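Reading through the structure tokens given below for one structure.
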Amino acid sequence: MAHNRRDFVKKMAAAGSAFSLNSLFNVTHAADFAVANQRVQHLSPLEVATDETYWSTIQQGYTASSSSIIILNNGGVSPSPLVVQQAVERYNQMVNQGPSYYMWRILDQGREPVREKLALLAGTLPDEIAINRNATEALNTVIYGLDLAKGDEVIGTLQDYPNIIQAWRQRAQREGIVYKQLSFNFPIEDDEQIVREYEKAITPRTKIIHVTHVINWVGQIMPVQKICQMAKKHGIEVVVDGAHSFGLLDFKIPDLGCDYFGTSLHKFLSAPVGTGMLWIKKEKIAKIWPLLCNSQPKSDDIRKFETLGTRSFPIEQGIGEAINFHNAIGGKRKEERVRFLKNYWAEKVLKFPGVKLSTSLKSQFSCGICGVSIDGMTPGEVEGKLMAKYKINTSPTVWENISCVRVTPHVYTTRAELDKLVKAIGEIAADKKKS
Ligand SMILES: Cc1ncc(COP(=O)(O)O)c(C=O)c1O
């Protein structure tokens, strides 16, 4: 199996990638991009992270960069580059020539190539990838597809994503499985402490550990690989929520050592809104029941999870173009740039009185997401001021033991925008201190 996977990855890597050249803008942009790429080719991803000339070429690929509002909630959902938007529009026009023919006969043939591209990006076999609409759907497929008996135990945390917590709680309520939730006080700069907490909660009835790869509220990177190694020793399977890691952190899914991985593609990959992916280790596919029923529910064909009914083929096909754009930058370069942008603003606001961060600034523990708070103000108040006075879009977060404003830049974010954020936070903090 591992050998097949390696062969596939090698073969596909040789194929390379480029933008689709379907408009004058794209032709010009691709040429600019090639020059920019050539100029930084000899530099490490860390060095390129601070090269504004290079990143300005990337920024031009996004229409969001000309938005009058500064968008710093890319953790919620990210915009697509123009090439992706145009691809979806093209496919949509084609579909509307006659949906039943162009969707089911023509565009449907693009699904396997998209699966192959996703597999190459994820470092998996195509036959381990199901394409769906978002992380909620991917993870519910696993959560409801697992055979668990009354009394079987699942370990998660209070800081996991609400849709996922609800899914496990519903199984507990309906079938009597035991859903235990740990609680972490983030930021934590000690992987072993996190692994120990999960391990302490294990009993002979524990069947599943559910881990959020990057905690959406504050951006903590969880030590998934170490948790999986520990779980394996106990014969426990691991489900990973990769909503905020896939397309941002530079990793291959099999290297995590998990059994199941669900993600949205409309966050850091910048694929069209309404795209997601489920990965299941080949030998585990057969035992997972599809959420949306299929005629062969116990088949080991990953496609059994794609009986979604009629859905948007143009959106699904747009994934391919988003992967082209992502690959043209390169995974590690993107990760380092977004981390650099987070540190750029976060280190500066720490000097203001009453301003606190909910996120570690060490690269091992965070990348793009960072939580910030101002003493004496609720997250809603800070977020409201950022929007009303400075036209900066962020996300107020109050959840369990977490209270902060979540700020998430993306590759199209400029330093100038972050300078405005820093100034805004400084002014809001100073006003609060005066009041
Ligand atoms: C950690 C995490 N998991 C799952 C989801 C669900 O993603 P979606 O709404 O795309 O299904 C989110 C959404 O923000 C998330 O942050």
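Heads up, the sequence shown is in my numbering, so the first residue is 426 and it goes up one at a time.
Think of the CB as a built atom: it goes at the ideal place given N, C-alpha and C, for glycine as much as any other residue.
The model shown is predicted, which means the values in this text are computed figures rather than measured ones.
- By the Cβ-count criterion, threonine 631 is buried, with 16 or more other Cβ atoms from all chains shown falling within 10 Å of its own Cβ.
- Taken in chain order, the whole alpha helix (DSSP H) runs of length 4 or more contained in the stretch 804 to 837 are 804 to 815.
- Just measuring C-alpha positions, the residue of Asn462, Tyr487, Ser492 and Ser491 sitting nearest tyrosine 479 is Asn462.
- Between the alpha carbons of asparagine 610 and glutamate 514 lies a gap of roughly 44 angstroms.
- With a cut-off of 8 angstroms on Cβ pairs, the stretch 649 to 667 is in contact with the stretch 679 to 692, counting three or more such pairs.
- When only Cα atoms are considered, alanine 626 and lysine 605 end up about 8 angstroms apart.
- Residues Val473, Asp476 and Tyr479 of the same chain have their beta carbon placed closer than 7 angstroms to that of valine 465, with the five preceding and five following residues left out of the count.
- By the Cβ-count criterion, isoleucine 817 is buried, with 16 or more other Cβ atoms from all chains shown falling within 10 Å of its own Cβ.
- For alanine 668, the CB falls within less than 6 angstroms of some heavy atom of ligand 1.
- A direct Cα-to-Cα measurement between threonine 700 and glycine 743 gives close to 9 angstroms.
- A check of alpha carbon separations from histidine 835 across Ala854, Lys848 and Ile754 identifies Ile754 as the nearest.
- Contact holds between the stretch 553 to 569 and the stretch 585 to 592, because three or more Cβ pairs, one in each stretch, are under 8 angstroms apart.
- Non-local beta-carbon contacts of valine 539 in its own chain, meaning distances under 6 angstroms to residues more than five positions away in sequence, involve Ile744 and Gly745 in chain order.
- In the assembly as shown, glycine 523 is an exposed residue. Its beta-carbon has fewer than 16 other beta-carbons within 10 Å.
- The stretch 826 to 841 makes contact with the stretch 788 to 797; the number of CB pairs closer than 8 angstroms reaches 3 or more.
- Assignment of alpha helix (DSSP H) within the stretch 487 to 568, counting only whole runs of 4 or more residues, yields 507 to 520 and 536 to 547 in chain order.
- Excluding five sequence positions before and after proline 551, the CB atoms of its chain that fall closer than 6 angstroms to its own CB belong to Arg540, Glu541 and Ala544, given in chain order.
- In the assembly as shown, threonine 628 is an exposed residue. Its beta-carbon has fewer than 16 other beta-carbons within 10 Å.
- Cysteine 795: member of the beta strand (DSSP E) spanning 795 to 799, first to last residue.
- With contacts defined by Cβ atoms closer than 7 angstroms, serine 695 and serine 469 do not form a contacting pair.
- Remark: the C-beta of tyrosine 685 is outside contact range of ligand 1, defined as less than 6 angstroms to any heavy atom.
- Sixteen is the threshold: when 16 or more other Cβ atoms of the shown chains lie within 10 Å of the Cβ of glutamate 662, as they do, the residue is buried.
- In this structure, DSSP gives glutamine 606 an extended state, which the three-state scheme calls strand.
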